[in-house]
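Going by full-length UniProt numbering, 131 is the number at position 131 of the sequence shown; the sequence numbering is gapless.
All C-beta atoms, glycine included, are put in the ideal place defined by N, C-alpha and C.
In this text, all values refer to a predicted model and were calculated from it rather than measured experimentally.
The block underneath contains the structure these notes are about, expressed in C-alpha cells.
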Amino acid sequence: MSSEILEQNSEFVPDQTSSEVQMEDWSKEIYKPEEKKKIGTKVYQNSSKSLQEKQELITQCNTEADKLPDLPTSLWKIQTTSVQNICVEDVASHFTNELRSAEQGGRVLSDFVTSWKDAANQDKEMNISFLLKELDFERTNNRKLQDKLAEKDKELKTIKLGLELQERATEAKIAEKTAALVEEVYSAQRERDEAVMARLRLANEERDEALLRAQHLEQYLKELENINPEENDMTLQELLNRINNADTGLAIQKNGAIIVDRIHRTKERKKKITAEEMNSVIEERDAALSECKRLEQELHHLKEQNQTSANNMRHLTAENNQERALKVQLATLQQEREAAVHQCQKLVEEIQTLRVYYR
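Shown next, in the form of C-alpha cells:
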C-alpha cells in the first residue's frame, strides 16, 4: 500500500535536476536595471493572481476531500503537499517565463530562487521521510499479520490433527466393539451347539440303556413262559403214582415230602421271579418317568433357547437350519419318549397279567 502511494505521489514531487538547471539559467542571465521595476511589478501581479487561483483550487480540493470519509488522512496530507508543490512549481514556471521574456537580472531573482529551492527541498524531504515512516509502519503491520497468520495456521493444523486422531480412535473403538460382539455371538453359538450335542448324546445313551433294560425284561418274560406247567404236573403225577404204588409208609412219606418240597420250591421260585420282575419293571418305570420328565424339561429349555436364539439371530440362515435340525431332534426325542412310555405301560400290563397268572 505504501509503495503504491509512493508511486502515485512520485509524479507530484518536483524534479531537482530540472529546477537546478533552471536556477543556473536564471543566475547566468543579465538584465537591464531600467526594466527591473516594471518586470517586478508585473511578476508580482501575475504571481499574486496565480497564487490566488491555486489557493482557491486547494480550498476546493479540501472541501471535496471532506465529502469523502473513506480516504485515509495520510494519503490526503501527501496529496495536499503535492498540490502545494505543484502550485509552487507553476508559480516558478510562470516566473521563469516572465523573467525570460523581460530579461531581468539576477540578484533579486537569485535570492528568490534559492529561497524557493530550499522550501522545495524541505517539502520533498518531509514527504520522503513521511512516506518512509508510513512504509515502515505498514511493514511492521504486515509482519505482525504474517506472524498471526502463521500462528493461526499452526493452530488449525493442530486442530485438524486432533480431529483426525479422535476419528481414528473412535473407528478403532467401534471395530473393537464389533469384533468383541461377533466373538461373543460365535462363542455363545458354539456353547449352545456343544450343550445341544451333549444333551443329544446323553439322550442316546439313556435310550440305549432303556432298550437294554427292555431286552432284559423280554428275556425274563421268555424264561417265565418257558416254565412248562405240564412238565411240573407230570413230575407231580409221577410222584403221586409212586405214592399210590408204594408199599410201605416210609416210601409214601418220602414221596410226599418230595412233593411238598417241590411245591414249596416252585412257589418260592415263582415269588422270587415275580418280585425281581416287579422290581425291575418298577425301576424301569421310574427311570422311564424320570426320563420323560427330564426330556420334558430339556424340551422346554430347548424351546426357550430356540425362542431366544430366534429373537437374537434372525438374520443368520445357518441358525435357522440348526433350529430346524434341533426341532427334528426334539421331535425324535418326543417320539422316543412316547415309545418308552408305551413300553412302560405294556410292561405294567404284563406284570399285572403275571400277577394274575401266578396267584
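- Query: What is the DSSP secondary structure of Asp247, counted as helix, strand or coil?
  - Reply: coil
- Query: What does a CB cutoff of less than 6 Å around Lys271 pick up in its chain, not counting 5 residues either side in sequence?
  - Reply: Correct list: empty, nothing qualifies.
- Message: Given a cut-off of 8 Å on the beta-carbon distance, is the pair Leu330 and Arg285 in contact?
- Response: no
- Query: Is Arg192 closer than 8 Å to Gln305 when the C-beta atoms are compared?
  - Reply: Yes.
- Message: Is it buried or exposed, Glu218, if we count other Cβ atoms within 10 angstroms and call 16 or more buried?
- Response: exposed
- Nearest candidate by alpha-carbon position, reference Val328, set Val196, Asp153, Gln146, Ser129: Val196
- Task: Report buried or exposed for Val281, applying the criterion of at least 16 other Cβ atoms within 10 angstroms of its Cβ.
- Result: Buried: at least 16 other Cβ atoms inside 10 Å.
- Query: Tell me which same chain residues have a C-beta within less than 8 Å of the C-beta of Glu291, skipping the five on either side of it?
  - Reply: Glu206, Ala210, Arg337, Ala340
- Is it right to say Ile351 is buried, meaning 16 or more other beta carbons lie within 10 angstroms of its own, or is it exposed? buried
- Nearest to Arg324 (by Cα), restricted to the options Glu134, Lys303, Lys160, Glu277: Lys303
- Task: Taking Thr332 as the reference, give the member of Gly249, Ile259, Arg265, Ala203 with the closest Cα.
- Result: Ala203
- Tell whether a beta-carbon distance below 8 Å holds between Cys344 and Ala288. yes
- Nearest CA to the CA of Gln335: which residue from Thr353, Leu295, Gln307? Leu295
- Cβ neighbour criterion (16 or more within 10 Å) applied to Leu132: It is exposed - the Cβ of Leu132 has fewer than 16 other Cβ atoms within 10 Å.
- Message: Rounding to the nearest angstrom, what Cα-Cα distance links Lys157 and Ala175 in this structure?
- Response: 27 Å
- Task: Measuring alpha carbon to alpha carbon, tell me which of Leu200, Asn279, Arg168 ends up nearest Arg213.
- Result: Asn279
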